[in-house]
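Asker: Dropping the structure in here first, questions after.
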Amino acid sequence: MGSYHKPVRRPGDVIEVLSGSGDPADVTALAHDTAHALLSRVRGSSDPQLVEAVIAYADEHGIDDVAELWSGAEADTLPGALWRLYLLRFTVADNPAGAGYRFRSGLMLDTVGQALAGAGNMPTPEEVVDLATEILRGAFSGDFDVALDRASGFARVLAVGSNELAGSDSADSEAETRLATGLAKMSQELAEAARLWRADRLD
39 MGSYHKPVRR PGDVIEVLSG SGDPADVTAL AHDTAHALLS RVRGSSDPQL
89 VEAVIAYADE HGIDDVAELW SGAEADTLPG ALWRLYLLRF TVADNPAGAG
139 YRFRSGLMLD TVGQALAGAG NMPTPEEVVD LATEILRGAF SGDFDVALDR
189 ASGFARVLAV GSNELAGSDS ADSEAETRLA TGLAKMSQEL AEAARLWRAD
239 RLD
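In my numbering, the protein residues as written are 39 to 241.
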């Protein structure tokens with residue numbers, strides 16, 4: 039096989055074209071279509087490098103393109119669920135030290151979240167990033183609902199840790215409280231998305 043590769047249009051480029059149509063439904067339809075196509079394509083492939091390329095996309099190109107395409111989708115949809123998986127992993131990878139501290143703090147208080155996430159005891163920041171990557175990888179190579187449940191537990195542990203940090207003297211309490219609230223909401227949304235996937239209702 040030759041080395042020719044079909045040019046790939048970035049999500050942002052597609053959004054820019056559609057934004058001129060004046061029809062938000064076009065953008066919504068694109069979010070759903072791309073989410074289904076990506077998940078189907080990667081899960082149906084026998085090439086492990088494809089999975090790794092999809093995972094690494096946000097690392098290489100930033101989270102903005104993914105956000106443009108999927109961040110406006112409702113949490114109880116496939117694009118909305120994928121967006122939350124990517125955002126959770128990207129946030130952790132973007133600040134391993136902070137995420138590691140919050141996660142370890144949360145583990146001491148939330149054994150249920152720890153079990154859901156599949157986390158070991160007192161992981162290093164690098165191990166926390168690896169766990170987030172493993173969870174995202176599982177969405178494309180394993181049971182999608184299991185990946186969503188694990189992500190829910192992961193976000194739950196981070197939320198507990200962030201809430202604990204909000205009460206310390208060394209933290210920006212308001213910022214940590216907002217973060218804890220957002221992570222707790224994300225955890226609930228991911229758990230609901232897992233339930234909908236099992237019911238064949240995550241569209």
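Glycine included, every Cβ here is placed at the ideal spot set by N, Cα and C. Here the structure is a predicted model, which means the values were calculated and not measured.
Please give me, in chain order, every unbroken run of the alpha helix (DSSP H) with length at least 4 that falls completely inside the region 107–174.
Answerer: 116–132, 134–145, 149–155
Asker: Exposed or buried, what is Asn159 when buried is set at 16 or more other beta-carbons lying within 10 Å of its beta-carbon?
Answerer: On the sequence shown, position 121 is the one that residue 159 refers to. Looking at its Cβ environment, which holds fewer than 16 other Cβ atoms inside 10 Å, Asn159 is exposed.
Asker: Buried or exposed, going by whether 16 or more other CB atoms sit within 10 Å of the CB of Val195?
Answerer: As a first step, residue 195 must be located in the sequence shown, where it is residue number 157. Looking at its Cβ environment, which holds 16 or more other Cβ atoms inside 10 Å, Val195 is buried.
Asker: What's the gap between the Cα of Asp238 and the Cα of Ala111?
Answerer: Along the sequence shown, one-based indexing puts residue 238 at 200. Along the sequence shown, one-based indexing puts residue 111 at 73. The straight-line gap from Cα to Cα measures roughly 18 angstroms.
Asker: Between which two residues does the alpha helix (DSSP H) holding Ser211 run?
Answerer: Within the sequence shown, numbered from 1, the residue matching residue 211 stands at position 173. Membership of Ser211 in the alpha helix (DSSP H) is indicated by the continuous run 211–236.
Asker: Considering Cα atoms alone, identify which of Phe182, Glu212, Tyr124 is closest to Val167.
Answerer: Residue numbering aside, residue 167 sits at position 129 when the sequence shown is read from its first letter. Of the listed residues, the one whose Cα sits closest to Val167 is Tyr124.
Asker: For Ser200, does the count of other Cβ atoms within 10 angstroms reach 16, so buried, or fall short, so exposed?
Answerer: What you label residue 200 is simply residue 162 of the sequence shown in a count that begins at 1. Buried: at least 16 other Cβ atoms inside 10 Å.
Asker: Please tell me whether Ala218 and Ala197 are closer than 7 angstroms, where the distance is taken between their beta carbons.
Answerer: Walking along the sequence shown from the start, residue 218 turns up at place 180. Walking along the sequence shown from the start, residue 197 turns up at place 159. Yes, these two residues count as a Cβ contact at 7 angstroms.
Asker: Where do the ends of the alpha helix (DSSP H) carrying Ile93 lie?
Answerer: Position 55 of the sequence shown, counted from the start, is the residue given in the question as residue 93. 86–99 is the span of the alpha helix (DSSP H), which, as asked, contains Ile93.
Asker: For the putative contact between Trp235 and Leu186, defined by C-beta atoms under 8 angstroms, what is the C-beta separation to the nearest angstrom?
Answerer: As a first step, residue 235 must be located in the sequence shown, where it is residue number 197. As a first step, residue 186 must be located in the sequence shown, where it is residue number 148. Going by Cβ atoms, the distance from Trp235 to Leu186 rounds to 7 angstroms, so yes, they are a contact pair.
Asker: What does the alpha-carbon distance come out to for the pair Gly60 and His70?
Answerer: The residue you call residue 60 lines up with position 22 of the sequence shown. The residue you call residue 70 lines up with position 32 of the sequence shown. In this prediction, Gly60 has a pLDDT of 49, which is less than 50 and means its spatial position is unreliable; nothing more can be read from the coordinates.
Asker: Mapping the DSSP letters down to three states, classify Gly82 as helix, strand or coil.
Answerer: The count along the sequence shown starts at 1 and reaches residue 82 at position 44. Looking at Gly82 - three-state DSSP - the assignment turns out to be coil, as it is neither helix nor strand.
Asker: May I have the straight-line CA-CA distance separating Ala189 from Asp181, to the nearest angstrom?
Answerer: Here residue 189 refers to the residue found at position 151 of the sequence shown. Here residue 181 refers to the residue found at position 143 of the sequence shown. If you take the alpha carbons of Ala189 and Asp181, they lie about 12 angstroms apart.
Asker: To the nearest angstrom, how far is it from the Cα of Gly165 to the Cα of Arg175?
Answerer: Taking the sequence shown and counting its residues from 1, the one referred to as residue 165 is at position 127. Taking the sequence shown and counting its residues from 1, the one referred to as residue 175 is at position 137. Reading the sequence as shown, one finds Glu at residue 165 and not Gly. When rounded, the distance between both Cα atoms is 15 angstroms.
Asker: Compare the Cα-Cα distances from Ser225 to each of Pro163, Asp97, Gly205, Leu154 and report the closest residue.
Answerer: In the sequence shown, counting from the first residue as 1, residue 225 sits at position 187. That would be Leu154, whose Cα lies nearest to the Cα of Ser225.
Asker: Tell me whether Leu147 is buried or exposed, calling it buried when 16 or more other Cβ atoms sit within 10 Å of its Cβ.
Answerer: On the sequence shown, position 109 is the one that residue 147 refers to. Looking at its Cβ environment, which holds fewer than 16 other Cβ atoms inside 10 Å, Leu147 is exposed.
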